[in-house]
Structure formats: C-alpha cells, structure tokens
Amino acid sequence: GDDIPLAVLSQKPHMLFDYFKQRFAQVTNPAIDPLREGLVMSLEVNIGKRRNILEVGPENADQVTLSSPVLNEGELESLLNDSKLKPKVLSTYFDIRKGLDGSLDKAIKVLCDEADAAVRNGSQLLVLSDRSEALEPTRPAIPILLAVGAIHQHLIQNGLRMSASIVADTAQCFSTHQFACLIGYGASAICPYLALETCRQWRLSNKTVNLMRNGKMPTVTIEQAQRNFIKAVKSGLLKILSKMGISLLSSYCGAQIFEIYGLGQEVVDLAFCGSVSKIGGLTLDELGRETLSFWVKAFSEDTAKRLENFGFIQSRPGGEYHANNPEMSKLLHKAVREKSDNAYTVYQQHLASRPVNVLRDLLELKSDRAPIPIGKVEPATSIVERFCTGGMSLGAISRETHEAIAIAMNRIGGKSNSGEGGEDPIRWSPLADVEDGYSPTLPHLKGLQNGDTATSAIKQVASGRFGVTPTFLVNAEQIEIKIAQGAKPGEGGQLPGKKVSAYIARLRNSKPGVPLISPPPHHDIYSIEDLAQLIYDLHQINPKAKVSVKLVAEAGIGTVASGVSKGNADIIQISGHDGGTGASPISSIKHAGGPWELGLSETHQTLIQNGLRERVVLRVDGGFRSGLDVLMAAAMGADEYGFGSVAMIATGCVMARICHTNNCPVGVASQREELRARFPGVPGDLVNYFLFVAEEVRATLAQLGFEKLDDIIGRTDILKAKHVSLAKTQHIDLKYLLSSAGLPKWSSSQIRSQDVHSNGPVLDETILADPDISDAIENEKEVSKTFQIYNVDRAVCGRVAGVIAKKYGDTGFAGQLNITFTGSAGQSFGCFLTPGMNIRLVGEANDYVGKGMAGGELVVVPVEKTGFVPEDAAIVGNTCLYGATGGQVFVRGKTGERFAVRNSLGQAVVEGTGDHCCEYMTGGCVVVLGKVGRNVAAGMTGGLAYILDEDDTLVPKVNKEIVKMQRVNAPAGQMQLKGLIEAYVEKTGSEKGATILREWEAYLPLFWQLVPPSEEDSPEACAEFERVLAKQATTVQSAK
C-alpha cells in the first residue's frame, strides 16, 4: 500500500502531479474493464477549432484527428508545420533574478496574455514547451501542469477555449498519472520528449546492448523501445479512464476528474478552478520554492552522475519515510512474540517520533476533564470486539496466514474477513483435537488451543463472486460487499494462474493453474438501486447476517454512503488510500483514493445531517497501527476499526513488498509449499498485538477522563490542531476534520447491537409456511406446489435456499422441491438455488435470474399463446447466472446482456443473448441456439460455450484474446451438446430445439465451440482425445 506521507506533508520535493489523486466510480456509473471491453474505448483526440455542433457544415470537420494523445517528436513537428492550425509555441519558464516571491504568478499571467493574444490572432494550436537550447539557473521551468491548467482556465473565462487546442511539449511528464493530469486539466496531446530521449539512451547504453547480445533480454530496436513506452502509457491511460467509467478520452479531456490534497485556494483558483481541495496547502510562492529545489540540483558542482532515488516506492536508507518500515516490523515482532509491555512502549515511541505521515499526525487529543483511574475504564476485552482485520483473500495470502488471523480474531471476539475466494467448510467447526498446540484438522498451524475456530466472521462478496455459494453465505455472521479496495479503487483483480493451487481452485470452483479474473465493477451493481437489490438478496438468503458495504474515501463519499444506508445496509466501511495490497499497479497505489480521515468525517457528518447515522455502523480502515489511530477514528465518528497490513506484520510479514511474485520469503503471501513451511506466526501473536492496542486505548481514555469508547465517538471537540512545523507550508487547513454536525441520537454500542435490517414480508415466507414444503425440507421428501408471482416479488427462492443450505450444505439435500410460479418475477429470481430445488416460471423475469445458484434447475418459459415467437423475444433480463457454481438453467427465449458472466459451473441453454455473453467464465457450459451480441467470451478462462451460427455472423463478435473457435468435432463434445439440447426441449417444449434435434446432421456443423486454453485437452474439446490418452499411456508404460 501507499505508506509514504502525502506530498504536502513530505520532507522530500514532489512534482506538482503528486498533489492530485484520481477520482473513481463507486456504485453508480461503474468502472469499465479496459482489457476485456476495449471495444467501447478510444484514445482518439481532435486538434483545432471546435465550432457550434448545432450548425452543420464542412468546417466542423476541419480538425486534425490523432489516434492517441501521446506524440513523438516527428508527430509534433508535423503539427507545428500545419499552416491551417497556425500553431503558436509558448515558452514556459519563470525568471527569479528579482527574487522568487511573486515571480511564478507574474510568469503565469504573462503566459496567459500571450495565449490570449495568439488565439485572438487565429491560432488554433497552442504548444506549451519547456525545451530550451540553454538552461539557466535563474530561469526554472514552470510546472507544466500549472501552465496547462492556467491557460485552460484563462481561455474558458474569456470565451476562447473552443477556438484552440493545447499541446504540452515537456520534459516533466513520464508516468501514466502525469499524462492523465495534463489531459484532465486541458491538454489535448503531450510530447514527452525527455522520456523518449531516455528510451533512446537506455537502448544505446552498454548495459542494455550486452544484455541483448547475451540473450538475457529480447532484442528491440530504438524505434520499438519508444513504441513500447508509448504503448504502455496508452494502456495506463485507458486504465485511468476506465476507473471513472469513461470510455472516450475526448470525455476525459478537461474534465478535471481529480481531487487535490495540499494546494491552497490561490493555486486552485488560478489553474484548477472547480477541483476539490479540502485541506488547503501550498501558495504559489511555496510551489515556486519546491519547483526551484529540483531545478537548482542540476547546476550544483557536485551533481551526481546518477539521478537521486527518493525511495517513494521501496523503503531505502536516506529515502522517503515509509510507515511500514523494517524497524517498525522488528519492534512489533519483539513486542508480540515476547508479550512484553516494555517492547510495545518502544514500538509506541517509534510511532510517536516518526515524521508527519498522515493527516491525523497534525492532530492531538485534548480534554477538559480530569483524568480517572484506569480501573474505571471499560475492559480491553470489550474494546477488542470493535476490531476487524482486512479483506485479504486466500490466494493473495497463504492458508497459514489466513487461518492464523481468523483464529486470533475469534479468540478475542473481533472479526476477520474471508476476502474474495470462499472459505473451506473445515474451518467452520471449533477444534477439539488439539495437543501441544497442534491439531490434525489444521496440521499446518501451531500455537492452537481447543475451542479455536478458523472461520471468518465477515464473508466477502466481491465482483468475481469466487467461492460465493449458498452455504458460504448462510455461515456468515456478516457479509461484506466489496465495492472498492483502498489500494486500487475502481479496478478489478486477477489471481495469476501460478497462485491457483489445487486447494484454491477447489474453494473457487475452478481448475488449478487457470488465472481467475475479478471484473472492475460488480456486474449487478450499475446504480444505487442495484446495490440495494444485492443487499436485499443477501438479507434474503441469510436474514441473520448484517450486510456491510466497503467504499474507498474520496470527495463525495457522503452522498454515496447516504444512498448505501437507504439501500438497507447495516454497516458501511470506509477504506483509506493507504490500505495494503498484494498486487496493484503503482499508479493506482500512489495516485487513487483519499485519506480515511476526510472520507470518514464526510460520511459521518453527511449521515447525521440526513438523519441516517443511527441506521449504520461505521467501520474504518487504512494504515491503522496503534491505539492512538483508534481514538482519532473514534473522535471522527467511527464505531469499528480495521487493521490490515499491521495484522500481517504481527503474524510475521517482513514487508519485502514482493507479494505479487509468489516468492514471499516468510510464506505470508505465497502459495509455494516450501515457502509456506517458513511461516513463523501463531494466533497468539496477533491476540497479544490487539490486547496491547486495547490497553493503549484504555490508558489514553483514562487520561482524557472518559470511561468508555462510546463517550468519545463523534466528539470532534476533543481533537485539536497540533503545532507542527511542516517543511513545505504552514497553510494546511484542518477545519473540515474538526467540524461537527452533532452527535447521533443513540450511543455507538446501541447502533452496533441493533437487529439486522429486514427485507419486510416476502413471498418466500409464504412458501416456507406451507406445511408440505416445510415437511419436505425437514424430512427430505418430494413436493410439488404452484404460486402466483408479481414483479414486486424479488429474490424469490433465496430464503428457501438459505434454509436448505443451513441444514444440509451445498450438496446434502436429498429431497425435491418442485415449485412452479406463474406471472412476472422481480429481480434476482431463483438466486442462490441449491441442489434439490426445481423451479419453473411460466411468464417472464427481470435481471439477475439464477444469480449465485449452486445447484437445482431453473426453467423459464413464456405463457401459452403469447402472440410472439418465443425464440425472438427476450424473456429474462441482464446478468443472469452471475457467479453460478452449479445447476441448470433452461430459458425458452432470449436473454439480456452479460449472460453467464463469471459462471463457474452452471449449465445453461437459451435461444439468444445480448452483448458480453460468457464474460469471465471459469467453468460450466453454455449453449446458445440463436444470435448473440458482441464481445462474446471476453476474459473467459474456463468452461465451454456452444453457439449456433446459422448466418455466419458469429466470428467478428467473439473476443479471441483468450478463447479459440472450432467446430464441434470431439464425440464427447457432440454428446454434451446434444444431451443438453434434449434436456432443454423436454423441459421447455422449445420448437427451435426440437427442429435442431430432428435435423441434427444439418445443424451440428453450424455450431461453433468456444474453447479457452484450460479446456483444450478436455474430451469435449479435443477430437484426438482418445489418441492423446493412449499415447500418454504408452509413454508411461515405456518409461516403466
């Protein structure tokens, strides 16, 4: 995670770009997947005067179109030679010979006047350039982002912005975030001349030449090296656009989709008008000073041969301060392993004497009450119940770490989080076979006690829905919907194939070695109403589990949180940008999301203003390390506190920062057996850590004169600004954190202990109240019933499935419920079905049919004498079979978009689908007896699809990045296809299906089979399967 100070708090110089954080979409306007859905995205940009689009004429098209905003020197040259554009080059330097103060402001005003004059004289292209033949110590370059933003705003205010485009020709731009900032604040294109020069120098350096000559590195030409750099920047830009749900660069240009942390109002009004900057910060003169500190280094006598490494990413001696540093890890390990109060005090002192690192370091706790004896303060055992650990998936971290953390949290009554990827049912029962700290049930752990359980109280539902089965959900105390993650908000994830062991594959219902992709958005959450529906679904299957929604701090989170609260969530979790991660792009770790202090304050205050604060528990996490962090969060309004990275450190993590490589030296974040054997942690270490933190909280409460945490929650009046002198500015404004909107009407303990929010009366209760059905569930009998259904009946069958799963698990029910519904079903019909549930709907259904189903059968047919041809009409909505782990779905008619998205093991036959069919599928089988939309099988890493192509239109619609298309040649594949169609015709009476079976020989050659690499050797996909098998057998024989 990002554990270095915010740029404004840092003692190291930062470029202006580092004061900006990218915004991202949460809940509404969902993020896009730039890799699998690139067909809707474009980086195309137009240069030149834009005219009134309402007045049609040829001059509207009189522009230069660029395929991307990243220019090389040759392309910039050709723009400068375009006589129609009348380009004007403006030099971006400021003069400090008469002193630094005021010089930057003056230079910017001159620059704006020059731009204004050029545009009025007919120039359609302004090139802001910091190239110079001779660099002078007294003429530093203006930060290019400041120059672009100032001219952009100036031209808007003078009504000239549509008449010209801005291009930056700069040495100051080399990373994706920097390109995004320049484009977001008005540049149409950028020529990163120094970055391109560096590519050329790198290619010509002796080191590179030798590596290529010795075959240690693929050989590339100078041109290819530059093209590779530009390609990487373009991919990064797509990723940044997609986080906000934007598909076209032209929509991003000048859209200012950033927040500012650490620039004063004067700077914002000059160049970044309209962007949110809540904490104030640098003035123009202070910004000039920071710019100069970079500039002067180039002219000093002892300029080093190598550029300075500031240590912004890896912790290094003399580099930027990292909160998770080796010394901190060592002190913490000593304290928890020796259970030594003194060692923990040394750890506390280490944290107290660190440089200012986060916003809360600028605050202190002050109370006007007299101190009280510590004996009067609530006990540590009740404080630790408010503690949770972060949502780390088994896959990202090893089984040993995951289970040790869960056992520790269960011992103290806190809550651990399963992360994405399901959970082994063996972890749900208390251990009763422990001897000398070892248990045959969990033989890889040490330090166990009888009565320990390794279950995670919080079970996570993430966008990939891996391991989310009915039994998993009914065994949860709380269910968390992960909308975003602090280290990479607005992005999906991918568990690389090499981390998918047989054990993880079993939990996630997939195959070992197959990469598992979690999409950026939940495909059943495109709006706040959709989120309310998913909360409803989860309350439906497990009415006893509280549902939490995890958001990441950014400006505007209060509005989102209000919606989440109205959507019936029980808990809202706010994550800070400094949360940890196993694998995220550097650009996301460093440049997206905001501090939790601001996110929490906004959420708490907005909920109070709207009378919603009592409805939800507020939980906060991101860089928590001590009792002081807990007290600060409490004063800002949080009821519960999450610890992520520090919990890993307490169990043995040494912060090697190589989690994504599977090579963790202490087996914390690796799936490799030999490394996992080195795992040093025991649950007791983490228990000790949390008890130390709780005792620290108690001691401080006693000093402040409060008896319990309840008494300070939301009390911002006990927070006072500390007198700290910062290296860069004294203009930080903490008013926002210290303001108060009042206190909740209930105490924090009352809010935490209220009942789970209910879905109200539901059709499932009527079904379960039927004596025949309850008898069939209780005694595993067969029963048939019919009910009327209306579109207000949502998530029907979810509650019934939950009752069966709680009693029998995902596969243990031997009875049969044959239930027929007639009418129009609401959202999420047939969600989370279990084996033994045969559900038939005569009518039609809305979105999310069969979501998360684990077994059983779901048949949807139109009513008789409909007046329309069934195979031409859509009778179920979008995103059906999302995350299904079993069962069969037969639909007589077409389905909407994203059919079978992230299907794990479900089988389905339908008569047509919308776009993105079989997206992210990892198993199962889908048969489509009709037309499909575009982008079929994007991100599909497992399972098979059979699609009937009667008019030769399928080939261009398939996303061939992963899957290959072939005819159904394997006998086993032909049998699978025919068997499914036969079952389908029998259940639905489909005429289309019957025709295909009657004329099988004519129709079989019209089917395409879509095969991902993991299925190429399966009997259904490999026509030569028998021969390959025989050949393998002979090889084995001859080897013997």
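Numbering (the numbering used here), first residue to last: 48 to 1087.
Even glycine gets a Cβ: it sits at the ideal position worked out from N, Cα and C.
These figures come from a predicted structure and were not determined experimentally.
Residue from the options with nearest C-alpha to residue i
i	options	result
Pro190	Val809, Lys413, Leu339 and Lys593	Leu339
Pro477	Leu785, Asn464, Leu766 and Glu450	Glu450
Val907	Tyr1031, Ala746, Ile824 and Thr653	Tyr1031
His651	Leu784, Gln73, Ala164 and Glu1063	Leu784
Ser222	Leu243, Tyr855, Glu754 and Glu576	Leu243
Val713	Ile705, Cys706 and Leu722	Leu722
Ala509	Lys546, Cys844 and Gly468	Gly468
Ser289	Asn76, Val744, Ser794 and Glu812	Asn76
Asp998	Asn657, Ala788 and Val979	Val979
Gln171	Met209, Ser179, Gln863 and Asn205	Met209
Val973	Tyr967, Gln954, Asn257 and Val983	Gln954
Gln1023	Tyr140, Gln1056 and Met1012	Gln1056
Asp177	Leu158, Asp163 and Gly169	Leu158
Cys706	Gly283, Ser440 and Asp757	Ser440
Val1015	Ala236, Pro116 and Asp996	Asp996
Local Cβ density within 10 Å of residue i, reported as buried at 16 or more and exposed below that
i	result
Tyr837	exposed
Trp1047	exposed
Trp643	buried
Asn497	exposed
Phe868	buried
Leu251	exposed
Gln874	buried
Ala181	exposed
Enclosing alpha helix (DSSP H) for residue i [first to last residue]
i	result
Ser125	Glu120 to Leu127
Ala872	No alpha helix (DSSP H) contains Ala872, which is instead part of the beta strand (DSSP E) from Gln863 to Ala872.
Gln1116	Any answer about residue 1116 is impossible in this case: the structure gives the chain only from 48 up to 1087.
Ile655	Trp643 to Gln656
Phe346	Premise fails: Phe346 is in no alpha helix (DSSP H) and is neither H nor E.
Met679	Gly674 to Ala682
For residue j and residue i, the rounded distance between their alpha carbons
i	j	result
Cys700	Ser445	11 Å
Ser796	Phe690	20 Å
Gly321	Glu306	10 Å
Arg981	Gly961	8 Å
Gly902	Arg555	15 Å
Ile51	Phe671	14 Å
Val693	Gly669	10 Å
Ser125	Ala318	29 Å
Ala399	Leu738	19 Å
Ile551	Leu53	37 Å
His638	Gly301	18 Å
Leu863	Leu905	Looking at the sequence itself, residue 863 is Gln, so the reference to Leu does not match. Spanning the two alpha carbons is a distance of roughly 13 Å.
Asn885	Asn464	33 Å
Val667	Gln620	5 Å
Ala872	Gln835	9 Å
Leu118	Val280	11 Å
Asp216	Ser179	11 Å
N-terminal and C-terminal residue of the beta strand (DSSP E) that residue i is part of
i	result
Cys246	Careful: Cys246 lies outside any beta strand (DSSP E), inside the alpha helix (DSSP H) at Tyr240 to Leu251.
Cys435	Phe434 to Gly438
Ile213	Ser212 to Asp216
Val195	Per DSSP, Val195 belongs to no beta strand (DSSP E); it is in the alpha helix (DSSP H), Ile191 to Gln204.
Arg666	Val664 to Asp668
Phe276	Taken as a continuous stretch (DSSP letters only), Phe276 belongs to no beta strand (DSSP E), being part of the alpha helix (DSSP H) at Ile269 to Lys290.
Phe737	No beta strand (DSSP E) contains Phe737, which is instead part of the alpha helix (DSSP H) from Pro730 to Leu751.
Trp1055	Phe1054 to Val1058
Val948	Where Val948 is concerned, there is no enclosing beta strand (DSSP E), given that its DSSP letter is neither H nor E.
Gln935	Gly933 to Val938
According to DSSP, residues forming a beta bridge with residue i
i	result
Gln797	Answer is none; Gln797 lacks a bridge partner.
Thr593	Looking at the sequence itself, residue 593 is Lys, so the reference to Thr does not match. DSSP, once it has assigned bridges, lists Gln525 as partnering Lys593.
Lys462	Cys435
Leu173	Lys135 and Ile213
Asn93	Thr112
Tyr140	Ala188
Neighbour flag for residue i against chain D, beta carbons, 8 Å
i	result
Glu1062	Among the protein chains of the structure shown there is no chain D, as only one such chain exists.
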